[in-house]
Structures are given as structure tokens and as C-alpha cells.
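Okay, so here's the structure we're looking at.
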Amino acid sequence: MFPQTSATVKVFAAPGSWIESDALRQCDQVAALDGMLHVAGMPDLHPGKGAPIGAAMSSTVLYPHLVGSDIGCGIAVFPFALKRAVPEKLAGKFPDLDVPVDPDDEVWSYVDDDIPGGFTESLGTVGRGNHFVELAKVGQVLDAAHAARLGLAAGDLVLIVHSGSRGFGERILRTHTEVHGAGPAVDPAAYLAAHDDAVRWGALNRRLLATRVALALGATPSPPVVDECHNSAEVVALDTFDGKVYLHRKGAAPGDGRDVLVAGTRGTPSYLVHGHAGAAAGFSVAHGAGRKMSRADALKRGKAKHTVEELRRTPVGSYVVCGDRQLLFEEAPTAYKRIEQVIADLSSHGLATPVLSTVPLVTYKTAETTPRRRR
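Number 375 marks the last residue of the sequence shown (UniProt numbering); no jumps.
Now the structure itself:
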């Protein structure tokens with residue numbers, strides 16, 4: 001399908017979908033790298049640092065910078081049972097997820113795993129940017145049989161955790177770039193071994209975050225029903241290509257028979273989908289709504305239209321826990337594309353089938369510096 005001498009680019013989005021020209025330009029730049037075979041842009045495609053976000057990139061050469069620094073970043077969905085879910089009251093009970101978990105913390109009795117790579121810094125923290133921990137309820141059930149297999153039904157509560165390998169992945173990338181810059185990995189096996197540790201670390205971190213919140217809110221911790229990372233690299237086999245192929249995903253989740261939570265925004269639904277993407281799509285699906293504004297633009301426009309208090313209460317009636325005022329504006333729902341269009345594009349291109357939607361109740365971004373006022 002992909003001749004080695006001619007890299008191809010395909011974007012899985014409708015003509016009317018919001019795709020920036022800079023993102024398309026970055027896809028072409030990646031396609032021009034030595035050894036590239038194919039670049040698949042997801043409907044949430046947008047510009048990133050050095051490479052597009054929302055892309056699956058196949059190559060005979062392994063490029064660490066195409067994965068980026070947050071190796072293993074992903075989204076997990078945990079069943080969550082509470083007798084009563086009053087968003088405003090629960091918002092004040094979230095623990096401080098900016099503070100790492102102590103070695104003797106109760107969470108370790110529920111998450112008894114080795115720490116990959118021995119990296120103990122930042123364990124149990126969510127991070128900044130677009131990372132979040134969100135208590136949500138299942139909204140529409142679009143595939144009842146599939147939802148039932150996951151043990152989910154309309155009205156059920158779930159905890160959605162979006163976080164990655166924190167400083168661990170950044171350290172791995174920096175070790176490479178300090179010597180080789182944006183060039184290929186000279187020892188792919190060594191990079192992939194470190195990469196795999198970071199992927200496992202990210203999954204562990206998401207379980208720690210979910211357990212911390214469950215214990216703080218009075219719920220029983222449970223394992224995730226969905227957990228897929230969207231910054232990764234792996235070796236894949238292509239029926240139409242004889243040789244080793246590295247599949248880089250940056251803001252793209254595995255879509256080859258996996259269930260994936262495609263994140264909306266803190267003020268819109270998210271969608272759990274079942275992926276069935278093929279080689280032309282890099283066996284991948286979108287990971288979220290995708291930005292349509294830079295952080296600087298979102299900050300400028302948001303301050304002209306909204307107050308901080310307005311942004312702490314969303315259009316769907318949920319609450320946002322965020323003590324960083326700038327982050328509130330940078331991550332405003334209006335800074336992102338319409339999640340409904342992203343899901344429609346995935347469906348129309350045959351990449352995924354929607355299973356259910358989730359509606360935010362409380363979204364945690366970073367700890368508040370002052371207590372929330374009761375109303």
C-alpha cells in the first residue's frame with residue numbers, strides 16, 4: 001500500500017471539518033522524512049511542536065520526536081459507584097492531585113504494581129495542559145450490547161483520567177534529542193524498551209489517580225474498563241510491505257479492535273467508541289476534540305468574553321476544579337473543535353463505531369488555591 005520511495009498523506013475528516021493549514025503542512029513535513037511510508041491524520045488533527053497532533057505515522061525509521069515527550073499519555077475509564085452525585089459538593093472533595101502520592105499511602109493497597117523504570121517522581125499527579133480527571137455520567141447509549149459488555153448503562157457514573165508519564169517520558173526524549181535532535185533513534189530497541197516502561201508508568205499513574213479520587217469521594221476503587229494511550233510507538237506488520245515498520249502515534253489512539261474514550265471538553269460530552277481502523281488510518285482513531293485555538297488565542301479571546309466564575313460552571317452544568325486562572329481560559333471549551341464532528345468523521349470513514357457518550361459532572365484540572373464558595 002505504501003511504497004517506500006513515496007510517503008503518502010491522508011486526513012480522515014470531512015471537507016467542512018476544522019483542519020488548520022499548519023497541521024496539514026506539518027503532515028507533509030513528516031512525510032518528507034527519510035523512511036516515511038504514510039501519515040494518517042485523524043479528524044482532531046492540529047499543529048504540535050515539531051509534529052502534528054492527531055496523527056499516526058508509519059516509517060521504516062524510528063523517530064522519537066514523532067511520539068514526543070509525554071510517552072504513554074492516554075485516557076482510562078473507571079466505573080464509579082456513589083449513592084449521591086451532587087457535583088458542587090463533590091468538587092470540594094477532590095484530593096490535591098498536584099501532590100505526588102506517598103510511599104505509605106493507602107492507595108498502594110489497591111494498586112500493587114512495580115514502578116516501571118524506578119521513576120518515583122510525580123507518581124499520582126495529573127499534570128497540566130489538557131490533562132484532567134473527570135467524574136462523569138453515562139449519557140446516550142448508542143450501542144447497548146457493547147455498552148453492556150463493558151458493564152455500563154445510561155446514568156452510570158464513571159471516572160475519566162487523562163494523564164501520561166509526566167517527567168519520565170520527557171527524560172527519555174531529552175536523552176535522545178540532546179545528542180540526535182529530531183533525528184532517528186540509533187538504537188531502536190533501546191528506545192522502545194525505555195518507551196515501554198513509560199507506557200506502563202502512564203497506565204499505573206492513571207490507576208493511582210483514579211484510586212486517590214475514589215477513596216476521597218467514598219467510592220470503591222475498581223480497575224478500568226478502557227485504558228488506551230495515544231502517544232506511542234510500536235513495530236507493526238503490513239501485508240503490503242516486506243520489512244520492519246514503526247508506527248508512531250502522537251495524539252492518536254489504537255483503533256484496531258480497541259475501545260477508546262475520545263475526549264470532548266469540560267463543557268461537552270465525550271464519546272466511547274469501538275475502533276476498527278485499518279492500515280490506511282494507521283490502525284488508529286482520534287483521541288479527542290482537538291484544539292482549534294492556540295493557548296495564547298484562547299487566553300486572549302476568553303478574557304474578552306468570560307469571567308473566571310463563568311468558566312468554573314460549564315454549559316452542561318458541571319463544575320471545574322482549577323486554581324490556575326490562565327489554564328481555565330486556555331482550556332475553555334471554545335478552544336476546541338466540536339466533538340460531535342470528530343465522532344461523525346470517525347464513523348463516516350469507517351474507523352470507529354460510537355458506543356456511548358459521557359457528560360461531565362466535575363472536571364479536575366489543578367488544585368484550587370482558595371476554598372470553593374458554597375451556594
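For every residue, glycine included, the Cβ atom is placed at its ideal position computed from N, Cα and C.
Would you list the residues sitting across from residue i in a DSSP beta bridge?
i, result
"Ala-233", "His-248"
"Pro-354", "Val-273"
"Arg-291", "Tyr-336"
"Arg-313", "Tyr-319"
"His-349", "Paired residue(s): none; His-349 is not in a bridge."
"Thr-363", "Glu-134, Val-320"
"Asp-259", "His-274"
"Phe-78", "Leu-159"
"Lys-10", "Ala-40"
"Ala-210", "Beta-bridge pairing links Ala-210 to no other residue."
"His-46", "Ile-53"
Cα separation between residue i and residue j?
i, j, result
"Glu-368", "Phe-241", "52 Å"
"Trp-18", "Ser-109", "46 Å"
"Val-126", "Asp-239", "39 Å"
"residue 399", "Ala-216", "Lying outside 1 to 375, the shown extent of the chain, residue 399 is not represented and no answer is given."
"residue 383", "Leu-33", "A query on residue 383 cannot be resolved here, the shown segment of the chain reaching from 1 to 375 and no further."
"Tyr-256", "Pro-269", "A small correction: the amino acid at residue 256 is Asp; Tyr does not occupy that position in the sequence shown. So the alpha carbons of these two residues sit roughly 23 Å apart."
"Ala-237", "Gly-323", "46 Å"
"Asp-104", "Asp-28", "50 Å"
"Ala-345", "Glu-106", "Reading the sequence as shown, one finds Asp at residue 345 and not Ala. Roughly 43 Å between the two C-alpha positions."
"Leu-311", "Ala-332", "7 Å"
"Val-39", "Lys-10", "6 Å"
"Lys-365", "Glu-309", "15 Å"
"Arg-295", "Ala-189", "36 Å"
"Ala-352", "Gly-139", "19 Å"
"Gly-317", "Tyr-271", "18 Å"
"Thr-363", "Asp-44", "21 Å"
"Arg-301", "Phe-168", "34 Å"
"Ser-348", "Val-273", "13 Å"
"Thr-334", "Met-293", "8 Å"
"Thr-8", "Leu-37", "6 Å"
"Arg-372", "Lys-303", "Legend: pLDDT at Arg-372 = 46, less than 50; position of this residue unreliable, no value from coordinates given."
"Glu-134", "Ala-214", "12 Å"
"Ala-153", "Gly-54", "29 Å"
"Lys-305", "Asp-70", "32 Å"
Do residue i and residue j have their C-beta atoms closer together than 8 Å?
i, j, result
"Pro-47", "Ala-23", "yes"
"Gly-72", "Gly-164", "yes"
"Lys-250", "Gly-41", "no"
"His-162", "Phe-132", "yes"
"Leu-261", "Ile-160", "yes"
"Leu-247", "Gly-278", "no"
"Asn-130", "Arg-166", "no"
"Val-30", "Leu-66", "yes"
"Ser-58", "Val-285", "no"
"Ala-136", "Leu-361", "yes"
"Pro-354", "Leu-142", "yes"
"Ile-75", "Glu-234", "no"
"Ala-185", "Gly-50", "no"
"Gly-243", "Leu-82", "no"
Does the beta-carbon of residue i have 16 or more other beta-carbons within 10 angstroms, so that it is buried, or is it exposed?
i, result
"Asp-112", "exposed"
"Gly-16", "exposed"
"Asp-114", "exposed"
"Thr-314", "buried"
"Glu-330", "buried"
"Gly-155", "exposed"
"Gln-326", "exposed"
"Ser-122", "buried"
"Pro-223", "exposed"
"Gly-267", "buried"
"Arg-84", "exposed"
"Ala-298", "buried"
"Gly-202", "buried"
"Ala-148", "exposed"
Measure how close the beta-carbons of residue i and residue j come, nearest whole angstrom, since I'm counting them as under 8 Å.
i, j, result
"Arg-291", "Tyr-336", "6 Å"
"Ala-289", "Thr-265", "6 Å"
"Val-321", "Phe-94", "5 Å"
"Val-116", "Arg-174", "Reading off the sequence, residue 116 comes out as Pro, not Val. Going by Cβ atoms, the distance from Pro-116 to Arg-174 rounds to 18 Å, so no, they are not a contact pair."
"Tyr-191", "His-180", "Contact flag wrong, Cβ pair sits at about 10 Å."
"Ala-145", "Ile-172", "Not really, about 40 Å apart at Cβ, beyond 8 Å."
"Phe-80", "Leu-150", "No, Phe-80 and Leu-150 are not in contact; Cβ-Cβ is about 13 Å, not under 8 Å."
"His-230", "Ala-194", "Actually they are not in contact, since the Cβ atoms of His-230 and Ala-194 sit about 18 Å apart, beyond 8 Å."
"Arg-207", "Leu-97", "About 13 Å separates the two Cβ atoms, so there is no contact after all."
"Gly-124", "Pro-100", "6 Å"
"Val-226", "Val-77", "4 Å"
"Pro-52", "Gln-26", "4 Å"
Cβ of residue i less than 8 Å from any chain D Cβ?
i, result
"Ala-289", "Any reference to chain D falls outside this structure, which holds one protein chain only."
Is any heavy atom in the ligand GTP found nearer than 7 Å to the beta carbon of residue i?
i, result
"Trp-18", "With respect to the ligand GTP, the structure shown offers nothing to examine, as it has no ligands at all."
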